[in-house]
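Those sequence lines, one after another, are chains X and F. In this text, residue positions in the first sequence follow the numbering used here: the first is 47, and each later residue adds one. In this text, residue positions in the second sequence follow the numbering used here: the first is 893, and each later residue adds one. Cβ coordinates follow ideal geometry from the N, Cα and C atoms, glycine included. Have a look at the structure below, then the notes.
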Amino acid sequence: MENIRIPVGTWVDSAFDWLKDNVAWFFDAVTWLFSLLIDILTNVLVDLHPLVIILILALLGWVLRSWQMALGTVITLFFIMTMDQWVASMQTLALVLIAAIIAVIVAIPVGILAARNDTASTIIKPVLDFMQTMPAFVYLIPAVTFFSIGVVPGLVATVIFALPPGVRFTELGIRGVDSETVEAGQSFGATPGQILRGVQLPLATPTIMAGINQVIMLALAMAVIAGMVGADGLGKNVVEAIATQNLPLGVEAGLGVVIIAVYLDRVTAALGNAKDYPASLVAVMRRRSAKNKAAAATAKA
Amino acid sequence: MSVVKASNVYKVFGKRQNEVVKRLEEGADRDDLTKLGTAAVIDASFEVEAGEIFVVMGLSGSGKSTLIRTLNGLWPTTSGSVEVLGTDIAKIDDAALRKVRSEHISMVFQHFALLPHRTVRDNAAYALEIRGVAKAERDKAADKWLKAVGLEGWGDKFPEQLSGGMQQRVGLARALAAETDILLMDEAFSALDPLIRREMQEQLVELQSELQKTIIFITHDLNEAMFLGDRIAVMRNGRIVQVGTPEDILTDPANDYVAQFVHDVDRARVLTANNVMEKARQTVSNQNGPRVALRSMRESNSSAIYVMDRHRKFLGVVYDRDCIDHLRKGGTTLDEIIKPAAQTASPDDLLIDLFLPSSETPLPVPVTNDDGQLVGVVPRATLLAALGNQNGNDEAPQEESAAEWPEPVDSGLIDQVLAETGDATEADAANERGAL
């Protein structure tokens, strides 16, 4: 038995070598596109004055959640600034946002496919299991092979790692829509597309938003690991702190990650369940306009 | 022509559906085939005529909800055919099936199945939106139907702001706004509390009398089935065990299962006067005089008798005491002493509506047709017996019905009066003519 050795690793390695030799144009194109996206967003976030960004993010918190959220945002982000982690934080934020957007763009259609087709679901499920349980560091090796050192392999690894919950929650959300409501659509002659847009997606939105929230959280977790392959940001600072036993730097970069994580979590959670946050600016404005409308109606009557 | 026609419909869930159908056709029991598949509907055949309310009734698991879903193709049949307005819906493609659903069959669901993110108006307009009707027009139609179901002014609310009964009214408005000829209602009122349910049933009957849709209504509630149904199909374990009018089901159950099922039904709300009434025995024509009337009363040992004219038109009632007084005063015709009966019933009146008239007079309730002719009577005893009787058409005990009448005048007195006032042979001859 000891003599049996299946060289899976070598096979995969040769497969990757073949890919690298034959579809290099594809990886070049991806590298070009991804680094362009990251560069644009990073430049915007870094070039704008920190106070402007703090204000925008605080306003976003208020619009979607509450003024308390806005206040907390101002305090914590100001804290990041004073720890001298601002630039690294913005680089990480850019990486996370781009990775999350790409992951969501891929995950939702795949989730819809899985929800509508049992065969597709059966095939997709083990692939997602693989993506989620494979130690995240392993992604970095082929990512570097294909995309060399820098932010792009970090982004690719982040997308792969963050993708699964997006797919799973989308599938779960659509399959969880009350079958009678879907039947109602069918019984009035709606096409599958009309049912998807008019019934399934709207009713699955809270679940899908919970999935997007998870995607962003996982992307943030992976973005730190991406620091190991040279992606700029808080991750790089953490890796540097480990290598040099620099506790102060480690703590400060780590706190930056925590603050961004909490901010993104709260904002995206509010995005999915707007009704749970009556204190948000959106809800307040909506109530006020409804009240005005009612008053206008009574005045008219 | 029937509007919906189901012919030998089978619906089997599971991997080896066709084998299950084959085995069932050969006479196998469905419980022996559970390893091959679950037979939800077995060999269902029926036709629904235009303008009728056809109720499919059965307990949960009897296959009624699956059956209704084969009628608009939500579930394709495993075997057998469903024809909607002459089109076999298994033989048309998806687009044509959607067209049939959109234009000819709409549906109301047990748990309303409204879209929570749309306003009440947008929900009611859903079918029209799918059909591609312009917004202004469909909003107008939606408002019209919301008004018809009693929800005027609620169009801007969201479904969650409405009570269950109101939500189902939106469901009904949505289905009606589609202006389809056929309406499928899947346990439409089962999720509502009893008072609201009753209200909705009455509203449906009211709307139906105006709209004359073809309605296929699913329910597990026999009273609901009896109240709404022009005809009822009783389902058990996937099979239709009996199709008939409510009276048929109640008075002539096809088997023990149906009999047991109807055991608890509120018979007073299903049976009509026509089902239980008896031949009017104590009657006399107004062409006869009081002597004939009195003699008839003595024969039947009763204290009063109904009077008709020669066309059997019901005139009223005369009492023995009035007859005696009248005779003693020398009266010769009945017309002066006819008293109006407290209330008459029509043959279509439900038994529940006969209790009050019956309580107001000791006499049997006279049943008259549209021309005012006396077609029968419902004595109290018959009324009570019909409620307790498992086969409502059985003859109620006749002897006792006479006992309901007030204690008659002693027959000796009648003989005496008859002897006092005239010739016995003449009286006998008159009696011959008066006996009906």
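Residue i: first and last residue of the uninterrupted alpha helix (DSSP H) it sits in
i: residue 1231 (chain F); result: Neither: residue 1231 (chain F) is in no alpha helix (DSSP H) and is coded neither H nor E.
i: residue 137 (chain X); result: 132-162
i: residue 1129 (chain F); result: Unbroken run through residue 1129 (chain F): none, as it is neither H nor E.
i: residue 1211 (chain F); result: Taken as a continuous stretch (DSSP letters only), residue 1211 (chain F) belongs to no alpha helix (DSSP H), being part of the beta strand (DSSP E) at 1206-1211.
i: residue 192 (chain X); result: 182-193
i: residue 108 (chain X); result: 96-110
i: residue 296 (chain X); result: 293-318
i: residue 1252 (chain F); result: 1247-1252
C-beta neighbour in chain X for residue i, strict 8 Å
i: residue 910 (chain F); result: no
i: residue 1061 (chain F); result: no
i: residue 1115 (chain F); result: no
i: residue 1109 (chain F); result: no
i: residue 1018 (chain F); result: yes
i: residue 1248 (chain F); result: no
i: residue 1058 (chain F); result: no
i: residue 983 (chain F); result: no
i: residue 1092 (chain F); result: no
Closer than 8 Å to chain F by CB, residue i
i: residue 226 (chain X); result: yes
i: residue 324 (chain X); result: no
i: residue 246 (chain X); result: no
i: residue 335 (chain X); result: no
i: residue 234 (chain X); result: yes
i: residue 151 (chain X); result: no
i: residue 230 (chain X); result: yes
i: residue 237 (chain X); result: yes
Beta-carbon gap between residue i and residue j smaller than 8 Å
i: residue 90 (chain X); j: residue 262 (chain X); result: no
i: residue 1145 (chain F); j: residue 1135 (chain F); result: no
i: residue 1063 (chain F); j: residue 1012 (chain F); result: no
i: residue 993 (chain F); j: residue 225 (chain X); result: no
i: residue 1270 (chain F); j: residue 1233 (chain F); result: no
i: residue 945 (chain F); j: residue 1121 (chain F); result: yes
i: residue 1226 (chain F); j: residue 1209 (chain F); result: no
i: residue 948 (chain F); j: residue 966 (chain F); result: no
i: residue 1033 (chain F); j: residue 1066 (chain F); result: no
i: residue 1105 (chain F); j: residue 1073 (chain F); result: yes
i: residue 258 (chain X); j: residue 296 (chain X); result: no
i: residue 161 (chain X); j: residue 221 (chain X); result: yes
i: residue 1084 (chain F); j: residue 1060 (chain F); result: yes
i: residue 144 (chain X); j: residue 87 (chain X); result: yes
i: residue 1026 (chain F); j: residue 1068 (chain F); result: no
i: residue 962 (chain F); j: residue 969 (chain F); result: yes
i: residue 239 (chain X); j: residue 231 (chain X); result: no
Where the beta strand (DSSP E) through residue i begins and ends
i: residue 926 (chain F); result: Element bounds for residue 926 (chain F): n/a, residue is neither H nor E.
i: residue 991 (chain F); result: No beta strand (DSSP E) holds residue 991 (chain F); the alpha helix (DSSP H) holding it covers 986-996.
i: residue 1338 (chain F); result: What the structure shows of chain F is the stretch from 893 to 1328, and residue 1338 (chain F) is not part of that stretch, so it cannot be assessed.
i: residue 1260 (chain F); result: 1257-1260
i: residue 1267 (chain F); result: 1266-1270
Contact test: residue i Cβ vs the ligand ATP heavy atom, cutoff 7 Å
i: residue 928 (chain F); result: The ligand ATP is not part of this structure, which contains no ligands at all.
For residue i: DSSP bridge partner residues
i: residue 980 (chain F); result: F:975
i: residue 1057 (chain F); result: Paired residues: none, contrary to the question.
i: residue 898 (chain F); result: F:938 and F:974
i: residue 1111 (chain F); result: F:949
i: residue 1106 (chain F); result: F:1074
i: residue 1175 (chain F); result: F:1198
i: residue 999 (chain F); result: F:1076
i: residue 905 (chain F); result: F:930
i: residue 1123 (chain F); result: F:946
i: residue 1170 (chain F); result: F:1269
i: residue 1242 (chain F); result: F:1164
i: residue 359 (chain X); result: Because chain X spans 47 through 347 in this model, residue 359 (chain X) falls outside it and cannot be assessed.
Given residue i as reference, the closest of the options once Cα atoms are compared
i: residue 302 (chain X); options: X:283, X:74, X:227 and X:291; result: X:283
i: residue 194 (chain X); options: X:144, X:313, X:275 and X:85; result: X:275
i: residue 1029 (chain F); options: F:1043, F:1014, F:1041 and F:1040; result: F:1014
i: residue 151 (chain X); options: X:167, X:173, X:206 and X:249; result: X:206
i: residue 986 (chain F); options: X:69, X:318, X:237 and X:332; result: X:237
i: residue 1095 (chain F); options: F:978, F:1057, F:1262 and F:961; result: F:1057
i: residue 1143 (chain F); options: F:963, F:990, F:1280 and F:989; result: F:1280
i: residue 132 (chain X); options: X:168, X:153 and X:93; result: X:93
i: residue 964 (chain F); options: F:981, F:971, F:935 and F:950; result: F:981
i: residue 1103 (chain F); options: F:1071, F:972 and F:1088; result: F:1071
i: residue 1350 (chain F); options: F:1042, F:898 and F:1179; result: Outside the displayed span of chain F (893 to 1328) sits residue 1350 (chain F), for which this structure offers no information.
Contact set between residue i and chain A, taken where Cβ atoms lie within less than 8 Å
i: residue 1002 (chain F); result: Absent from the structure is chain A; the protein chains it does hold are X and F.
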